[in-house]
Structures are given as C-alpha cells and as structure tokens.
Amino acid sequence: MAKKRLLIIEDDVDVAQMLVEYFISQGYEALNAETGGGGIAIARSKFPNLILLDIMLPDMDGFEVCKSLRTTPLTRHIPITFLTQRDARADKVAGLELGADDYVTKPFDVEELRLRIQGSLRRSSRETLIDIRTGLPTSALVQDMRHALSGRPGWKELDVQLMGLKDFRDMYGFVATDEALAFVGQMFMDAIAKDGTKDDFVGVHSEDKYTLFTFVEDINPFVEALKRRFNDGARTLYNFRDSDRGYMVINEGTPDAYTAPLMHLVVSSLPAPVTAEARTDVQPT
C-alpha cells in the first residue's frame, strides 16, 4: 500500500524539519515547502493526502494559500490543517470558512497532531473523496466536476482505459499491483502539472477506468505525451526480461501458458455535453 503523503507548508526551518522527520518515522511520505507559492505548486504536482499549512508565510498568508487550493479543481478536496501561532477566534473562523478541516496552534503536542491528522484522513476516506490506491478523486467528484464545467467553454473530456492490469496482477501479484496503481495516479498528476493547465482535473472510476478534463488547446500532443509518460514509467514495474521483450508469458512452462502485452493506455476524447444555451440554437427538423 502506498504511503500517505503529507505536505507541510512551513517556513520555520526547525519546525518543518522536526515535522518532516517525525512523520517519516511514522510511515508517511512528508514534503516541505517554505513559501505559499511553492506549496501550491507541490500540491498540484504531488497531490498530497493532507496539507499542514502555516498562516504566517514569507510571500503570502495561509488564508490566500487555502483559498487558492480550494478554488483549483484538483486540490479543492485535499484536507487542510492550519498550523499557526495565532489562536484568535477570528483567525480560526476565517480559516474554517475558507474550507480548512482543522486548526492547530503552536506550541503543539506532536502526538496530538498525529492523531488529528489520522482523523482527517479517516474522514476523507469514509466520504470516499479520494481513492486509496491511486490517490485520485473518486467518481462522485468526477460527476461534480463534469457538472461544474458544463457551462464553461474550452474543455475536453478524455476517457482513459488502463489495459493489461489483470494480466499484470496475475503475473506479479497484489502488492505490485498496488504499486502500479500508485504510479498511475502520480503519472496523471505529473501529466497535468507539466503539460496541462491549472483547471485540469483527473478522477478514477475503477482501477482501470479514469476520466480527465483538460483545457489544453491542442489535445493530440497532450494525449501522446500522456501515453509516452505512462509507457516509460510502466516499464520499470516489470522485471528486465518482460520489459525488454515487451510482453509477459503467463503460466510459463505449463500447458496453460499464454502471452500478454504490457500495460498501456487507451485514450478516447469524448464530446463535451451540449449546454442548454447551445441547444437553443438548434432548429427542429
């Protein structure tokens, strides 16, 4: 199972180092950003499971960071815990109104902080907002995003099928499959961060079916780059023999042996739904 990823947006070097080292020791992957802008960039590219956010930052305050994260489709559902020296009620209310999930004041007990983070992660999982293995938003959020985009121009919907996953599981087992799905989730995030736009969104319906909404103008180079990024990374999931020959032999050495291709993506571009405004222009025949 992939580790839970925490993003700590904190400019105090001592506090940040202590938190990173502590949560790594607790089995988390912990990332640190010393500025609000840096934190927003990491959140978009790494899609953490939870964000610890200081209010007092050198370039922008935590409220601005929270607002930016909550108004960007791909990060709007990531749990956020404010971590700050401020304890005024007005600050707490302001943070919670912006969509923060919790508020912890300094100095804090790190064990209590760990438990509160676990609680936020459990709530997020119970609400099925995030798929555990890929780390991506689930189908309920895909539907929400499709509805939110219905009145906006310029977006495209991609249906992405992950082919060959069952054969991979039969050959390499369940643990390797979980690692493959974690790779798939990060691959989508990298594709959006490097080739997409800040308004792009990707979600998972099942382990082999995904939906991606994008505002890129030229869809063909984007799709080709997505496939190339997947193929390059997916080969590292196979042993050298399978990777070199480009296929697997399932049940090798038995009468039931058969060859299976390596995992690959099949991407289809779906037409955007016709809005009510557009339908008024259509004359009946």
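Its first residue numbered 0, the sequence shown is counted upward by one per residue in numbering that gives the first Met the number 0.
Beta carbons: idealized from backbone N, C-alpha and C, even for Gly.
Here the structure is a predicted model, which is why all the values come from computation and not from measurement.
Per DSSP, cross-strand counterpart(s) of residue i
i       : result
Lys-155 : Thr-213
Pro-260 : Tyr-246
Gln-160 : Lys-208 and Val-265
Ala-32  : Ile-8
Tyr-27  : Tyr-27 pairs with nothing; no bridge assigned.
Tyr-237 : Beta-bridge pairing links Tyr-237 to no other residue.
Leu-128 : DSSP output for Leu-128 lists no bridge partner at all.
Thr-104 : Thr-83
Alpha carbon of residue i to alpha carbon of residue j, nearest angstrom
i       : j       : result
Thr-274 : Arg-151 : Its pLDDT being 46, under 50, Thr-274 is placed unreliably by the model, and the measurement read from it follows with that caveat. Near 9 angstroms, if we compare the C-alpha coordinates of Arg-151 and Thr-274.
Leu-211 : Gly-118 : 29 angstroms
Ile-50  : Ile-8   : 7 angstroms
Phe-221 : Gln-142 : 23 angstroms
Met-170 : Asp-189 : 27 angstroms
Leu-68  : Gly-184 : 19 angstroms
Gly-252 : Thr-258 : 12 angstroms
Ala-147 : Leu-140 : 10 angstroms
Simplified DSSP state of residue i, which is helix, strand or coil
i       : result
Phe-62  : helix
Ala-139 : helix
Glu-223 : helix
Ile-218 : helix
Glu-206 : coil
Val-14  : helix
Gln-84  : coil
Lys-193 : helix
Arg-4   : strand
Val-19  : helix
Leu-73  : coil
Ile-39  : helix
Leu-114 : helix
Contact check, residue i vs residue j, beta carbons under 8 angstroms
i       : j       : result
Leu-180 : Thr-133 : yes
Ile-129 : Thr-80  : no
Pro-106 : Asp-198 : no
Lys-2   : Glu-28  : yes
Ala-32  : Leu-6   : yes
Leu-120 : Asn-48  : yes
Lys-45  : Arg-75  : no
Val-201 : Ile-191 : yes
Gly-36  : Asp-60  : no
Exercise for the section: Flag this pair as touching only if the segment 248 to 265 and the segment 158 to 172 have three or more C-beta atom pairs under 8 angstroms; answer yes or no. Expected result: yes
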